[in-house]
């Protein structure tokens, strides 16, 4: 219900904002000349700034809405800035209207930046200290999440990122959910999983489910069972409210928050030796107090996309949807890390964050 409400709000804002832009675009010189000769044609031409966003339809309808919302917000801010400047200078409104051009250029710059940040994958590093014995001087974990396979990375492009991950010499690779999306294809899934199968690590590759992995609609060319088989056939270990004891280290994978039979954090850890270093994978970062109380040392999550586009992150925090949107936090003896993900959901822009995989070094 929340997402349906949010969609209708965005559509309503986009509709009202479109009328706002069309009204003000009529003051742009060439539009004004057309409007004075033919009002109907002038009204159509005044929609040209909105038309500039329509090519994003090739990516998807959500991308178009996001582009239009950026244009509306920036246009209104430019109008406000122009109004303030005129008041401070005690000047009347100029006959020549350049605010629209400035808004279009700024929107293109912001979306261009967001496109780059979404399609260029960065490496983000964290260092953690522990008093527990790890069985080695340093444990290196590479975490990735939210591939949403096919949005900004297809199978081949993800395989290139897997090669980068291998170059970091990880002891363990973890995938914190949303490996696939409703638009992912079987061909990309097979290519991506085969790439994961080439990883050489000490402890292996582990995966927990995200909210998109099982799919919301029956429109993919593969079933949930094929996702499981593709992962398992390439030595990816699936953790569904289960754990694997690796000696000095225990890796625990939670079911996604939306799963009806999900176990609590304390249920998952009650039979585990707490003297070992406990790592928990939980796609959605919104159970911090319970996870800290369960005795785990490190919790790794994705889901938030680091806020993706501003102001989604702050809104999510204000609504209590997440305990954290991005980065590292310590509660008691537990360290929490949230990644913005290696790709994005439906929106090919990241204006508030970056695409990344995370390298975590834990030193004893």
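Residue numbers (the working numbering): 237 to 600. Cβ coordinates follow ideal geometry from the N, Cα and C atoms, glycine included.
Practice prompt. In the DSSP assignment, find the unbroken alpha helix (DSSP H) run with residue 666 in it and report its ends.
Written response: Nothing can be reported for residue 666: it is not among the residues displayed for the chain, which extend from 237 to 600.
Fill in: Closest residue to residue 275 among 300, 262 and 508 (Cα-Cα distance)
Counting from 1 along the chain shown, the entry for residue 275 is found at position 39. Ranking the options by Cα distance to residue 275, first place goes to 262.
Practice prompt. Could you tell me how far apart the beta carbons of residue 578 and residue 381 are, in whole angstroms, since I believe they sit closer than 8 Å?
Written response: In the chain shown, counting from the first residue as 1, residue 578 sits at position 342. In the chain shown, counting from the first residue as 1, residue 381 sits at position 145. The Cβ separation is near 7 Å, so the contact holds.
Discussion item. Classify residue 285: buried if its beta carbon has 16 or more other beta carbons within 10 angstroms, exposed otherwise.
Written reply: The residue given as residue 285 occupies position 49 in the chain shown. The residue is buried, with at least 16 neighbouring Cβ atoms inside 10 Å.
Practice prompt. Sort out for me which residues DSSP pairs residue 591 with in a bridge.
Written response: Position 355 of the chain shown, counting from 1, holds the residue named residue 591. Per DSSP, 357.
Worksheet item: Looking only at its own chain, which residues have a Cβ that is under 7 Å from the Cβ of residue 237, when we skip the five neighbours before and after it?
Response: Locating residue 237 in the chain shown gives position 1, counting from the first residue. Confidence is the limiting factor: at residue 237 the pLDDT is only 49, short of 50, which leaves the residue's position unreliable, though a coordinate-based value still follows. Result list for residue 237: empty, nothing under 7 Å.
Fill in: Under the three-state DSSP convention, the category residue 469 falls into
Taking the chain shown and counting its residues from 1, the one referred to as residue 469 is at position 233. Three-state DSSP puts residue 469 in a helix.
Discussion item. Looking at the strands, I want to know which residues DSSP matches up with residue 378.
Written reply: The residue given as residue 378 occupies position 142 in the chain shown. DSSP, once it has assigned bridges, lists 409 and 595 as partnering residue 378.
Worksheet item: If you run the structure through DSSP and keep just helix, strand and coil, what is residue 530?
Response: For the purposes of this step, residue 530 is taken as the residue at position 294 of the chain shown. Reduced to three states, the DSSP call for residue 530 is coil.
Worksheet item: Taking 7 Å as the cut-off, is the CB of residue 433 close to at least one heavy atom of the ligand ATP?
Response: By its list of ligands, the structure shown contains no ligand whatsoever, and the ligand ATP lies outside what it can speak to.
Fill in: Under the three-state DSSP convention, the category residue 553 falls into
Here residue 553 corresponds to residue number 317 of the chain shown, with the count starting at 1. Residue 553 falls in the helix class under three-state DSSP.
Discussion item. Here's a check: name, in chain order, each residue in its chain whose Cβ is nearer than 6 Å to the Cβ of residue 515, leaving out the five neighbours to either side.
Written reply: Locating residue 515 in the chain shown gives position 279, counting from the first residue. Contacts found: 487 and 534.
Worksheet item: Going by alpha carbons, who is nearest to residue 431 out of 300, 492 and 390?
Response: Position 195 of the chain shown, counted from the first residue, corresponds to residue 431. Per the Cα distances, 390.
Worksheet item: How long is the line joining the alpha carbons of residue 438 and residue 371, rounded to whole angstroms?
Response: By 1-based counting over the chain shown, the position of residue 438 is 202. By 1-based counting over the chain shown, the position of residue 371 is 135. When rounded, the distance between both Cα atoms is 12 Å.
Worksheet item: Looking at the unbroken beta strand (DSSP E) that takes in residue 500, where does it start and where does it end?
Response: As a position in the chain shown, residue 500 is number 264, starting the count at 1. Taken as a continuous stretch (DSSP letters only), residue 500 belongs to no beta strand (DSSP E), as it is neither H nor E.
Practice prompt. Return yes when the Cβ of residue 505 is within less than 8 Å of the Cβ of residue 364, no when it is not.
Written response: As a working mapping, residue 364 is identified with position 128 in the chain shown. As a working mapping, residue 505 is identified with position 269 in the chain shown. Not closer than 8 Å, so no.
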